[in-house]
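One structure below.
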Amino acid sequence: MQATNLQNSGQRQMMGGAMPVGVSTCSSLMPSGIGAGIGGGVAGIAQTRLSQERKAWRKSHPFGFVAKPTKHADGTLNLMNWECAIPGKKGTSWENGVYSLRMMFKDDYPSSPPKCKFEPPLFHPNVYPSGTVCLSILDEEKDWRPTVTIRQILTGIQALLDDPNIKDPAQAEAYTIFTSNKAEYNKRIRSQAEQFRPT
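Numbering-wise (the UniProt record's numbering), the sequence shown opens with residue 1 and increments by one.
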């Protein structure tokens, strides 16, 4: 996301809100082509790796988490698009909530990271208003490595929920409240957790 300078304000505009000068902005938004065609070559590598990820997840995964491929109209698995759920960590303001996330893979996975998007979007400094997660392990230019697993991504996002990275903001309102009024921020998070409490 490119930020534009606001004249005489000492702030940068991003995603419908202002960010202080000198604060880097997340660049993990991905180009188009996510989950495009399926075939041989690079796409075949992605399919093979995702099939292995699915087997590993089904064999063992953290309690309360969900990660599964969606299905095509004909009932076959769509390994390029996963429905996930992340539980809020116990002892935090996120506790009791379970947060739905979509993970979308491109044909060149695992060379490139998946796009992870909360559906619906969450109130959080590192979640874009669209729901897309801003996290260094999901950014090719930062900490993404082809060896990063779906399990590591989901547990990393769970950790990010309660420990935002204020150097890489993606949502102006959540960033501003988190940095200026922690009590109000935690109140909003607890309210959100209740909204996403499983029935």
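No residue lacks a Cβ here, since even glycine has one placed at the ideal position from N, Cα and C.
| query | Considering only residues of the UniProt domain "UBC core" (45 to 198), which uninterrupted alpha helix (DSSP H) runs meet the minimum length of 4 residues and lie entirely inside it, listed in chain order? | reply | 150 to 162, 172 to 180 and 182 to 195
| query | How many angstroms separate the CA atom of Glu95 from the CA atom of Lys89? | reply | 5 Å
| query | From this set, Cys116, Val127, Gly131 and Glu173, which residue's C-alpha is nearest Ile150's C-alpha? | reply | Cys116
| Straight-line Cα distance separating Glu83 from Asp168 | When rounded, the distance between both Cα atoms is 25 Å.
| field | Exposed unless 16 or more other CB atoms sit within 10 angstroms - verdict on Gly91 | value | Exposed: under 16 other Cβ atoms inside 10 Å.
| message | For Asp162, which residues in the same chain have their Cβ closer than 6 Å to its Cβ, ignoring the five residues on either side in sequence? | response | Lys89, Thr92 and Trp94
| request: Use the C-beta contact count for Lys44: other C-beta atoms within 10 angstroms, 16 or more gives buried, fewer gives exposed. | output: In the sequence on display, residue 44 carries Gly and not Lys. Counting the other CB atoms within 10 Å of its CB gives Gly44 a total below 16, which places it among the exposed residues.
| Can you name, in chain order, every residue of its own chain whose Cβ lies under 6 Å from the Cβ of Leu50, other than the five neighbours on each side? | Leu79
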